[in-house]
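Okay, so here's the structure we're looking at.
Protein chains: 2
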Amino acid sequence: MNLPAYCALTERFTRFYRYQHLGAIVGWDQAAMMPPKGNTARGAALAELDVLMHQTLTDPSLPDLIARAADEALDAAQAANLREMRRDSEMANLLPARLIEAKSLASSRCEHAWRAQRPENDWPGFLANFTEVVKFAREEAQCLAQHRGLSGYEALMNKFEPGARSAEIDAIFGDVKTWLPGLLAKVREKQAGDTLLAAKGPFAIEQQRALGLELMTILGFDFSAGRLDLSTHPFCGGVPEDVRITTRYNEDDFMRSLMGIVHETGHARYEQNLPRNSVHLPVGRARSMGIHESQSLSFEMQIGRNPAFLELIAPLLKKHLGAQAAFEAKNLAALFTRVLPGFIRVDADELSYPAHIILRYEIERALIDGEIEAQHIPALWDEKMMSYLGLDTRGNYKDGCLQDIHWPGGSFGYFPSYTLGAMYAAQYFASIRQAQPDFETRMAAGDLSALFDWLNTRIWQQASHWETGELVQRATGETLNPQHLRRHLVQRYLGV
Amino acid sequence: MNLPAYCALTERFTRFYRYQHLGAIVGWDQAAMMPPKGNTARGAALAELDVLMHQTLTDPSLPDLIARAADEALDAAQAANLREMRRDSEMANLLPARLIEAKSLASSRCEHAWRAQRPENDWPGFLANFTEVVKFAREEAQCLAQHRGLSGYEALMNKFEPGARSAEIDAIFGDVKTWLPGLLAKVREKQAGDTLLAAKGPFAIEQQRALGLELMTILGFDFSAGRLDLSTHPFCGGVPEDVRITTRYNEDDFMRSLMGIVHETGHARYEQNLPRNSVHLPVGRARSMGIHESQSLSFEMQIGRNPAFLELIAPLLKKHLGAQAAFEAKNLAALFTRVLPGFIRVDADELSYPAHIILRYEIERALIDGEIEAQHIPALWDEKMMSYLGLDTRGNYKDGCLQDIHWPGGSFGYFPSYTLGAMYAAQYFASIRQAQPDFETRMAAGDLSALFDWLNTRIWQQASHWETGELVQRATGETLNPQHLRRHLVQRYLGV
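Here the protein sequences line up with chains R and H, keeping their order.
Letter by letter, the first sequence follows residues 1 to 496 of our numbering.
Letter by letter, the second sequence follows residues 1001 to 1496 of our numbering.
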């Protein structure tokens, strides 16, 4: 087959993939390895790389190659690849290079300062840098929205979730707001009478790490193509050929790190199992951040907090952390499904989590679309935390609006991906439950293979071949249906 | 001052510096962190970066900017910067981009395979990849030598040691060959009667690491701008703002790792103390690899094996590794100056070391200039090891010609830097001894500041302001004088 334009495009995008590789490894290093004095030079190097990658996607010859490739005799995979290339090219052409660099530098500066400002509860200090980040994010939003019939916020959200619309998210989150507070109240009432044993620490970090590594092995992580390290803010980074996940340990609490590792392992397996023959091309990438979070939450929520899984790993907790009554499977199930609204999103229980997301979505949407300014965030935060979770956050910036890395790092529009991910995950497992009614029995016995086969065949190996809606339709027989999450929560937390 | 061409050049070279930053961190990661399956993608990403950096230096507008900047009113530092920029640009323009990429990929492949082939003593397997590496290195040598009146090997040597000539190295090494064998024999005869206590292991790795970190602190390493990690082949990498040194540990032998750390700390301090205001420009770089090795060898040989320094650190050895008679200062001095020719260069004593270098220099020079082929290396190696050090290496490739990372990695012309470095270091300390006759007394008392001030003022802060000869002349009052090394060795090992 003679496809000159298409082949020229794959060459450009392969080069782009290699630049991404450099950024992914250097970015991981910045979070997991870099000493503090390296930050200014690192920020400059990464901004330079951002500009280079932007230049690669805005090369003047690209639109013509894309137009010519569309007339070549492409097969289905090639056509899907071209669709993704066109999206990348169009998005990049909406952004001027000077904005890319200015935004990268401002975010790098703000995020770096935030690491010290957060523990000091220093909102005014943060605000000074953050105003700059918001300015560039709005400018980016305006650029990306132009001629596309999108609001600025929608345009940012589409970087992570191609095709997502605010009206749709509003409807989904609006529905959640109708039933979540009532469900939370009912579950808290039901759990009030439960007796459960707290696990007694301290839990030595080396032992938590050994436990984490064994769990990753059970969950299929390939250690010859990835690593587990430490960082203040856990994440999954690196490249599909070399996936880097991180965690943090607390000697008084093994549960957070354990669930954190299970969560990141979900991201990691998606990356490690993207199809090898197209991993360097846009069609071989993970579909979207919502689908990515659906993998981490399949692992953390659907598998990790499942009583059958906790039955499987109870002996490992005893082995690594020492035997204690709290590590009996039934008690573990109670511990890992304990509902207790708190300040911190990443430590939230499964049921409060959507409330954290909805709060952030509402604030960042108003901020990007100019309805509020950065200085209004704390008051809105206080109001919504009280309204959604009954918590008083006044004056407590560090456990409030300063808690997440997303905003200081300039990532607006990402948060909805978490709850979309939880919804997709619940939908997958409803489908799996039908196809494999005994999957929990097998899980408790240590056989997760059928489960992973389902995810591998229907999600991981599909990469970006389909748009999100079609991917989910093909995997589960229907497009996104948020009722599966509601049903899952009611079933798990009320037992009905 | 209005310097449009000069300013345009500093912009280009600042960008080049940032690309170097990406390569340095990703290269460190490849050696210290990367899991094995990451290698192919990593090799491709680094080759892409090599091509990009080459493009940056061969941009068609550069020669004209350099010519125009030469007519601008530059001060001395700017003129030195321009001289270095011109050298970079001229060197880069001699090499075609396709060769850069082909050489990078071939070296990456050869080095990666070598990691497994060396322990298996697999010379034929190695030769298959290595022939390719030699082919590209010769091509590079030919390209770099053209119109410059250099031999191919000289052209490669000039990448590491600008201005070095084979005739000069031949003369220096030829002189060493006249006195080294006799000195070796005398010292071995003298030491044959010594009684010395070997230190008894095992030495736990965690304790060796703690000792290493404390030594680095004493030697002035800035941990807020650098790290110590593990790699199979110790090196100093990273960037001046964030220096990464590595070591390896052997539970039976604490001495190698300890001296390895002292050696790499010498490299690290040079990098960490390059002048901050020009660190992103060619004039702000380390002068040459010979000068770099003069820092590592000032630390390892002039300081590290000095009885006064061993007196200072003897209590630390007892503290970290447990008290034993072998850790008395006098015995340590005997241990660290024990002369015993062996197969491995990096483990060689100070006196045998130059023989290892001369052997490699003679072989790689003949190889690059086409006098021998790759398959002739083992026989030559055997012959020279027998002749220079009296050792039989026949059939033992893994401790013979397969031992170094330089050749599989395509670095020909580097080896002379080690012995030039040892000579410069001996020359510095002859000068320091005159200016600070009590420096050893102060060293034994823990005061190394005057010593570091000398190096900082005369070498580190000078960066690439002067050509090598002038740098050394200004620092010590004379250009390279190899007799200082001879005098140092005779004084230290024969006490005369």
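For each residue, glycine too, the CB sits at the ideal point set by N, CA and C.
If you draw a straight line from the Cα of G1370 of chain H to the Cα of L74 of chain R, it comes to about 49 Å. Residue pairing by DSSP puts T247 of chain R in a beta bridge opposite R:L230.
Taking 7 Å as the threshold, the shortest C-beta distance from P36 of chain R to chain H falls below it. For I405 of chain R against H233 of chain R, the beta-carbon gap comes to about 5 Å, under 8 Å, which counts as contact. Close CB contacts of K330 of chain R within its chain, under the 8 Å cut and outside five residues either way in sequence, are with P307 (chain order). Interface annotation, R1015 of chain H: in contact with chain R, CB-CB separation under 7 Å. Pairing V283 of chain R with E84 of chain R gives a Cβ-Cβ distance under 7 Å.
The Cβ-Cβ distance between A102 of chain R and F412 of chain R does not fall below 7 Å. Non-local beta-carbon contacts of Y1249 of chain H in its own chain, meaning distances under 6 Å to residues more than five positions away in sequence, involve I1205, Q1208, S1257 in chain order. Residues of chain R whose Cβ lies closer than 8 Å to the Cβ of D1242 of chain H are, in chain order, M34, P35, K37, G38, A41, R42. In the three-state scheme derived from DSSP, where H, G and I count as helix and E and B as strand, G1152 of chain H is classed as helix. Along the segment 226 to 239 of chain R, the positions whose C-beta sits under 9 Å from a C-beta of chain H are G226, R227, D229, G238, V239, read in chain order. Pairwise C-beta distances place the segment 1479 to 1491 of chain H out of contact with the segment 1445 to 1465 of chain H, as fewer than three of them are shorter than 8 Å. Counting only residues of its own chain and dropping the five nearest sequence neighbours on each side, I1377 of chain H has a CB closer than 8 Å to the CB of I1363, L1367, C1401.
Three or more beta-carbon pairs drawn from the segment 1031 to 1049 of chain H and the segment 1225 to 1244 of chain H are found closer than 8 Å, and the two stretches are therefore classed as touching. Taken through DSSP and simplified to helix, strand or coil, D347 of chain R comes out as helix. One alpha carbon belongs to A1128 of chain H, the other to A1106 of chain H, and they sit about 11 Å apart. The DSSP-derived three-state label of D399 of chain R is coil. Between the segment 1308 to 1320 of chain H and the segment 1439 to 1446 of chain H, the count of Cβ pairs shorter than 8 Å is three or higher; the stretches touch. Across the structure, T1056 of chain H and R1012 of chain H are spaced so that their CA atoms are roughly 7 Å apart. Annotation: V283 of chain R has no Cβ neighbours in chain H at a cutoff of 8 Å; minimum Cβ distance is about 17 Å. Among the CB atoms of chain R, none fall inside 7 Å of the CB of A1185 of chain H.
Checking the DSSP bridge columns, you'll see V1239 of chain H partnered with H:D1242. When 7 Å is used as the limit between beta carbons, I1025 of chain H is near these residues of chain R: V26, D29, in chain order. Annotated as proximal: L1196 of chain H and A1334 of chain H, with beta-carbon spacing under 7 Å. Think of a sphere of 7 Å around the beta carbon of R1018 of chain H: the chain R residues whose beta carbon falls inside it are A44, A45, E48, in chain order. Short of 8 Å from the beta carbon of D1347 of chain H, and not among the five residues preceding or following it, lie these beta carbons of its own chain, in chain order: R1256. Taking every protein chain shown into account, the CB of R285 of chain R has 16 or more other CB atoms within 10 angstroms, so this residue is buried. For H1267 of chain H, not one C-beta of chain R is nearer than 7 Å to its own C-beta. Checking the DSSP bridge columns, you'll see D369 of chain R has no partner listed. Here A268 of chain R is buried: its Cβ has 16 or more other Cβ atoms, across all protein chains shown, within 10 Å.
Ranked by how close their Cα comes to the Cα of R1109 of chain H, the residues H:H1147, H:P1408, H:F1160 have H:P1408 in first place. It is roughly 29 Å from the alpha-carbon of L1471 of chain H to the alpha-carbon of Y1493 of chain H. Ranked by Cα distance from W1460 of chain H, the options H:A1167, H:K1190, H:Y1270 are led by H:Y1270. Listed along the chain, the chain R residues whose CB falls inside 9 Å of the CB of S1108 of chain H amount to none; the nearest CB is some 13 Å away. For the set H:S1298, H:F1327, H:R1360, the Cα lying nearest the Cα of I1432 of chain H is the one of H:S1298.
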